[in-house]
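Student: Quick note on my numbering: the sequence shown kicks off at 1 and runs consecutively.
Beta carbons are placed, not taken as given, at the ideal position from N, Cα and C, and that holds for glycine.
Every value quoted in this text rests on a predicted model; they were computed, and no experiment measured them.
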Amino acid sequence: MFRVLLKKQFMEMNRMYFYNAKTGQIRSTGSIVGIIILFLFVFLSMGGMFFSTGISMTLMLFDSETGSSTLTPEAGLWIVLLLMALFSVMFGTFGSVFSTYASVYMAKDNEFLLSLPIRPSAILVSRLSGVVFMSFLYTAVAWLPALAGVLVSGVFALSAQLIILGILTLLTLTMFVTFLSCILGWVISLIAKKLKRKSFLIVIVALGFFVLYYMFAFRMHSIMTSLAANAEAIGETVSGRLVPLYWLGTGAGGNIGGFLLALLIVAALCALTFFVMTVSFLPTVTAVGGEKSKAYKAESVRSSKLSVALLGKEFKRFTSSANLMLNTGFGAFMMPILIILLIVNRERVSNLPAAVGLSGDSLLPVIVTAGLLFCMFLDVLCASSVSLESKNIWILRSLPCPSAEVLKAKFRTQFLLNIVPAAVCCVVAMTVLGIGPLTQILAVLLLASAEWLSAGFCLSMNLCFPYLNWTNEAYAVKQGPSVLICTFAGMGMGLLLAGILAVFGIFLDVRIGMAVGTVLCSVPAALIQLWVGRRGVRRWEEI
1 MFRVLLKKQF MEMNRMYFYN AKTGQIRSTG SIVGIIILFL FVFLSMGGMF
51 FSTGISMTLM LFDSETGSST LTPEAGLWIV LLLMALFSVM FGTFGSVFST
101 YASVYMAKDN EFLLSLPIRP SAILVSRLSG VVFMSFLYTA VAWLPALAGV
151 LVSGVFALSA QLIILGILTL LTLTMFVTFL SCILGWVISL IAKKLKRKSF
201 LIVIVALGFF VLYYMFAFRM HSIMTSLAAN AEAIGETVSG RLVPLYWLGT
251 GAGGNIGGFL LALLIVAALC ALTFFVMTVS FLPTVTAVGG EKSKAYKAES
301 VRSSKLSVAL LGKEFKRFTS SANLMLNTGF GAFMMPILII LLIVNRERVS
351 NLPAAVGLSG DSLLPVIVTA GLLFCMFLDV LCASSVSLES KNIWILRSLP
401 CPSAEVLKAK FRTQFLLNIV PAAVCCVVAM TVLGIGPLTQ ILAVLLLASA
451 EWLSAGFCLS MNLCFPYLNW TNEAYAVKQG PSVLICTFAG MGMGLLLAGI
501 LAVFGIFLDV RIGMAVGTVL CSVPAALIQL WVGRRGVRRW EEI
């Protein structure tokens, strides 16, 4: 039975290579080969990134200008390998933690398998086998190229023992990543059980990882320089206070005793984690949370206007789907984050125009407005709003409400989703940067006209190219023809408006550029609105 469970788990993990969820059919041989080649290319690209990181870190660590002045290659080998190991652990945990959450605790067939005469421990082990495999895959993609980069840098003397133990350290790192993934997956499952709307948890965690990733990416060079300059102090701290990490680094550097001690500690952590998960697996996967039972109490039903009810329906669907929020509301979530970063770094932003020989009054409004425009054009909710109705479109068609009201609700959802945070962020950012109220008003008018054009264009494209025969919501949101058209059109419109603002800001007055951009957006937006109100309504009724 366990072999059957194991085979089932690995078939589910590799299902995307052989099964097309978009059409519900098995992929052709050419499609399977193409997808495998694509994933190999992605993993090779990531491996190349870690390979170059290993070389760069090694050369920086022992450079006479940036590195520690007294650290020798023999003494610093374990330090650079420990840093690469920690990078690999971070990457491996990021790649496998959500797989752990989804495949162990939130698998859709947990209750079905528990109803069969199968021991819960067998189910858990089969689930964990997938976690171990994903941990191994992501960790290997990071560690092996990084190790190769360190060894081929030409700084260290190579030996068979160093190479063998360096490769075997992958086993220790895989077990440690598995341990972290199980702990974090368990924590996420506990939080998800307590939440009524799990989609918000997914969005918050995804945004958090996104922000941390880009902060790390932008500061990568300064972080590496700081590590190289303080390598000797880091080594003393680790060897004196964080002995297990010291064993890990020395073990990867060819010390057999350090390797065995690190492996033993990680194995003990994994054994303890498995014991705890075995005890808590059944209560965790069968727990029901987030919803509290309530006694029925007769209350009068409040009615609302048709337009308000339809708008509430659209927003409720948006907030109930993490996939929809991340793909069609990402810009709205990013606006406050960008403005907070701008306020924190307002002195650097204020000095940026002077650095390129321009005045602050000409360039600062361009930076704020262009950033918000690009965030707004990322959100193309209306480009999939008709497609998302799919087989349930008959419900709206059968209701006693005009088709024009249905389309207006879809338009207003995207418009309000973007213009409200954009206007607030624009006013706050420009006030902090000392930009005048007239410029603020013109900037908000430009943002409103741009969103009017964007929402209307997205809705019209989705009416012209509806994609209703989807089997997974993600395909309607990401891959519909109208979504692709609107995404690229939004990028082009964002570049055009940013260029207009920059030209007017440098040579004339940025406020004139904002007025020109407002007119440029409002005229086609009004024409599109007329088309949606007439021909678009007929298209909706013909679907």
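Which ranges does the alpha helix (DSSP H) cover as unbroken runs of at least 4 residues, wholly within the stretch 449–507, from first to last along the chain?
Tutor: 473–478 and 481–507
Student: Whole angstroms are fine: how far does the CA of isoleucine 512 sit from the CA of arginine 535?
Tutor: What you label residue 535 is simply residue 535 of the sequence shown in a count that begins at 1. What you label residue 512 is simply residue 512 of the sequence shown in a count that begins at 1. Those two C-alpha atoms are separated by around 35 Å.
Student: Who are the near neighbours of alanine 142 in its chain, counting only those whose CB is closer than 7 Å to its CB and skipping five residues on each side?
Tutor: On the sequence shown, position 142 is the one that residue 142 refers to. Taken in chain order, the residues that qualify are Phe50, Phe87, Ser88, Phe91 and Gly92.
Student: According to DSSP, is isoleucine 26 part of a helix, a strand, or is it coil?
Tutor: Position 26 of the sequence shown holds residue 26. Looking at isoleucine 26 - three-state DSSP - the assignment turns out to be strand.
Student: Please state if the CB of leucine 497 and the CB of leucine 373 are separated by a distance shorter than 8 Å.
Tutor: Here residue 373 refers to the residue found at position 373 when the sequence shown is read from its first residue. Here residue 497 refers to the residue found at position 497 when the sequence shown is read from its first residue. Yes; because the gap between Cβ atoms is below 8 Å, this pair is in contact.
Student: How is alanine 157 classed by DSSP in three states: helix, strand or coil?
Tutor: Counting from one through the sequence shown, the residue named residue 157 turns up at place 157. Alanine 157 sits in coil when the DSSP states are folded into three classes, being neither helix nor strand.
Student: For arginine 538 and glycine 480, what's the separation of their Cα atoms in angstroms?
Tutor: Numbered from 1 along the sequence shown, position 538 holds the residue referred to as residue 538. Numbered from 1 along the sequence shown, position 480 holds the residue referred to as residue 480. Straight-line Cα distance between these residues: approximately 21 Å.
Student: Use the C-beta contact count for alanine 252: other C-beta atoms within 10 angstroms, 16 or more gives buried, fewer gives exposed.
Tutor: Sequence index remark: in the sequence shown, residue 252 carries index 252 (1-based). Buried, since its Cβ has 16 or more Cβ neighbours within 10 Å.
Student: With distances taken Cα to Cα, identify the nearest neighbour of leucine 124 among Leu311, Phe281, Val444 and Ile183.
Tutor: Here the question's residue 124 lines up with position 124 in the sequence shown. Leucine 124 has its Cα closest to that of Phe281, out of Leu311, Phe281, Val444 and Ile183.
Student: Is there contact here, the stretch 384–400 with the stretch 511–526, by at least three beta-carbon pairs under 8 Å?
Tutor: no
Student: Suppose you measure from the CA of leucine 59 to the CA of leucine 165; what does that come to, to the nearest Å?
Tutor: Locating residue 59 in the sequence shown gives position 59, where the first residue counts as 1. Locating residue 165 in the sequence shown gives position 165, where the first residue counts as 1. Their backbone Cα atoms lie some 22 Å apart in a straight line.
Student: Counting pairs of Cβ atoms below 8 Å between the stretch 133–147 and the stretch 167–174, do you hit three or more?
Tutor: yes
Student: By the 10 Å Cβ neighbour count, where 16 or more other Cβ atoms means buried, how is glutamate 314 classified, buried or exposed?
Tutor: Walking along the sequence shown from the start, residue 314 turns up at place 314. In the assembly as shown, glutamate 314 is a buried residue. Its beta-carbon has 16 or more other beta-carbons within 10 Å.
Student: Out of Leu433, Glu405 and Tyr467, which has the shortest C-alpha to C-alpha gap to valine 532?
Tutor: Position 532 of the sequence shown holds residue 532. Among Leu433, Glu405 and Tyr467, the Cα nearest to that of valine 532 belongs to Glu405.
Student: For the alpha helix (DSSP H) that proline 336 lies in, which residues bound it at each end?
Tutor: For this step, residue 336 is matched to residue 336 along the sequence shown. Per DSSP, proline 336 belongs to the alpha helix (DSSP H) from 330–344.
Student: For isoleucine 163, does the three-state DSSP call read helix, strand or coil?
Tutor: Walking along the sequence shown from the start, residue 163 turns up at place 163. Assigned with DSSP and collapsed to three states, isoleucine 163 falls in helix.
Student: Asparagine 327 to threonine 369, Cα distance in whole Å?
Tutor: Start at 1 with the first residue of the sequence shown, and residue 327 comes out as number 327. Start at 1 with the first residue of the sequence shown, and residue 369 comes out as number 369. Near 22 Å, if we compare the C-alpha coordinates of threonine 369 and asparagine 327.
Student: As a quick exercise: from Phe94, Leu158, Met376 and Val266, pick the residue whose alpha carbon is nearest that of methionine 175.
Tutor: Position 175 of the sequence shown, counting from 1, holds the residue named residue 175. If we check each option's Cα against that of methionine 175, Val266 comes out closest.
Student: Kindly indicate the opening and closing residues of the alpha helix (DSSP H) around cysteine 560.
Tutor: The question about residue 560 has no answer, for the chain in this structure spans 1 to 543.
Student: Can you have a look at lysine 7 and say buried or exposed, based on whether 16 or more other CB atoms are within 10 angstroms of its CB?
Tutor: As a first step, residue 7 must be located in the sequence shown, where it is residue number 7. With fewer than 16 neighbouring CB atoms inside 10 Å of its own CB, lysine 7 falls in the exposed class.
Student: Whole angstroms are fine: how far does the CA of tryptophan 186 sit from the CA of phenylalanine 457?
Tutor: What you label residue 457 is simply residue 457 of the sequence shown in a count that begins at 1. What you label residue 186 is simply residue 186 of the sequence shown in a count that begins at 1. For phenylalanine 457 and tryptophan 186, the distance between alpha carbons rounds to 43 Å.
Student: Taking alanine 383 and asparagine 462 to be in contact with their CB atoms under 8 Å, please state how far apart those CB atoms are, rounded to whole angstroms.
Tutor: Taking the first residue of the sequence shown as 1, we reach residue 383 at position 383. Taking the first residue of the sequence shown as 1, we reach residue 462 at position 462. Right, their Cβ atoms sit about 5 Å apart.
Student: Identify whether valine 279 lies in helix, strand or coil by the three-state DSSP scheme.
Tutor: Taking the sequence shown and counting its residues from 1, one reaches residue 279 at position 279. DSSP places valine 279 in helix when its eight states are reduced to three.
Student: By the 10 Å Cβ neighbour count, where 16 or more other Cβ atoms means buried, how is isoleucine 500 classified, buried or exposed?
Tutor: Here the question's residue 500 lines up with position 500 in the sequence shown. Classification for isoleucine 500: buried.
Student: Can you list, in chain order, the residues of its chain whose CB lies under 6 Å from that of valine 132, leaving out five sequence neighbours each side?
Tutor: Residue numbering aside, residue 132 sits at position 132 when the sequence shown is read from its first letter. Thr178, listed in sequence order.
Student: Please report the residue range of the alpha helix (DSSP H) in which isoleucine 395 lies.
Tutor: Numbered from its first residue, the sequence shown carries residue 395 at position 395. 393–398 is the span of the alpha helix (DSSP H), which, as asked, contains isoleucine 395.
Student: Please classify methionine 491 as buried or exposed, where buried requires at least 16 other C-beta atoms within 10 Å of its C-beta.
Tutor: Counting from 1 along the sequence shown, the entry for residue 491 is found at position 491. With fewer than 16 Cβ atoms within 10 Å of its Cβ, methionine 491 is classed as exposed.
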